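A.B. asks: In UniProt numbering, the protein residues as written are 1 to 352.
Glycine included, every Cβ here is placed at the ideal spot set by N, Cα and C.
Computed from a prediction, not measured in an experiment: that's the story for all the values here.
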DNA sequence: AACACGGGGTA
DNA sequence: TACCCAGTGTT
């Protein structure tokens, strides 16, 4: 009787050869640049959501030098809508570091690769196994779930102890001769068979030795003890125009949507019901100027992981730029779409 | 160790 | 609504 890691490994690779139908453009690719790009895009992002971004990035920047030499705004524009924009900032930083300081060559040692911005333990292991065929086990959401169930581990996966435990377990299970194939297979298995909800236990080739299945714990594993608190924010964006120019600001604060653009923002603690009179009063009070025209759009909402955004856009036309206004950048209406905006504003620009 | 960071899919 | 997704960086 083989030990459990060996049994799991054998079954996983067998499933991979006979039943794994998952197809992705970066699968089997060895080019470190493409592996890296795909892994950054896929952090906390579903494969189906990331796929088109991978294609468009590769089309715009076929090699790392193309990305390294690109301007910030054009890269953020390509990233627009994908979320977690810090990834984009770090993508650029690392591309430039590799291209301009390391001769365009990705490091292939864990200690070197982990130091690059945007690359943590998961991405480092992915690059080392996929691009360099080195025996590092990836530990992502799929791996936590599969191993927690197969081995019946209830240590919280978001605890320090849990991360260490599952990393060690993942390494014990890894096929050291085929690390890339194994890593790809366990993630595909987690995504298509050992799914978070309604896993395919009845058709699972592991069910004869899966601790969670045998003990009726499938829906209780893995354990996560992180509690997310959501706060509500009330945002009003004043789209201020003067002539054919529109006022925009780049978000720089340590907050959501950093490095993206927005209109003049008014944030309040409580919900506000704007009307023509209150907008006029606001303009006269804050800008010392009477608006020529006001258009109050319907309220909209967006759910983020830690925040619920209640937003409203108000279009305001002035005959000329208010002198008292702290202006950052006036741009022509028809070049607005060259800038990257948060989803809510991008949707407005697409469908005003 | 705890928390923030987006947008979309699923139940 | 609540949870999750090829996680990482900051405090």
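Which word fits residue 227, buried or exposed, when buried means at least 16 other C-beta atoms lie within 10 angstroms of its C-beta?
C.D. replies: By the neighbour-count rule (16 or more Cβ atoms within 10 Å), residue 227 is not buried but exposed.
A.B. asks: If you drop the 5 nearest sequence neighbours on each side, which residues of the same chain put their C-beta closer than 6 Å to that of residue 1?
C.D. replies: In this prediction, residue 1 has a pLDDT of 44, which is less than 50 and means its spatial position is unreliable; what the coordinates show is noted afterwards. The answer is none, since no qualifying residue turns up.
A.B. asks: Assign residue 18 to one of two classes, buried (16 or more other C-beta atoms within 10 Å of its C-beta) or exposed (fewer than that).
C.D. replies: By the 10 Å Cβ count, residue 18 comes out exposed.
A.B. asks: Under the rule that 16 or more other beta-carbon atoms within 10 Å means buried, what is residue 34, buried or exposed?
C.D. replies: Buried, since its Cβ has 16 or more Cβ neighbours within 10 Å.
A.B. asks: Looking at the unbroken alpha helix (DSSP H) that takes in residue 47, where does it start and where does it end?
C.D. replies: 47–60 is the extent of the alpha helix (DSSP H) around residue 47.
A.B. asks: Determine, using beta carbons only, whether residue 247 and residue 327 come nearer to each other than 7 Å.
C.D. replies: A contact, by the Cβ cut-off of 7 Å.
A.B. asks: Which class does residue 184 belong to by DSSP, given the choice of helix, strand or coil?
C.D. replies: Helix.
A.B. asks: Judging by CA-CA distance, which residue of 312, 281, 347 is the nearest neighbour of residue 268?
C.D. replies: Of the candidates 312, 281, 347, the one whose C-alpha sits nearest the C-alpha of residue 268 is 312.
A.B. asks: What are the residues that DSSP puts in a beta bridge with residue 295?
C.D. replies: Its beta-bridge partners are 315.
A.B. asks: Figure out for me which residue from 318, 334, 288, 204 has the closest Cα to the Cα of residue 14.
C.D. replies: Considering only alpha carbons, the answer is 204.
A.B. asks: Restricting to Cα atoms, I'd like to know which of 271, 49, 225, 177 is closest to residue 10.
C.D. replies: Of the listed residues, the one whose Cα sits closest to residue 10 is 177.
A.B. asks: Rounded to whole angstroms, what's the CA-CA distance from residue 199 to residue 325? Just pull it up for me.
C.D. replies: Near 56 Å, if we compare the C-alpha coordinates of residue 325 and residue 199.
A.B. asks: Quick check: residue 137 and residue 171, are their CB atoms within less than 7 Å of each other?
C.D. replies: Closer than 7 Å, so yes.
A.B. asks: Rank 167, 82, 160, 192 by C-alpha distance to the C-alpha of residue 16 and give the top, closest one.
C.D. replies: When each option's Cα is compared against that of residue 16, the closest is 192.
A.B. asks: One question on the structure: do residue 72 and residue 156 come within less than 7 Å of each other, judged by their Cβ atoms?
C.D. replies: Not closer than 7 Å, so no.
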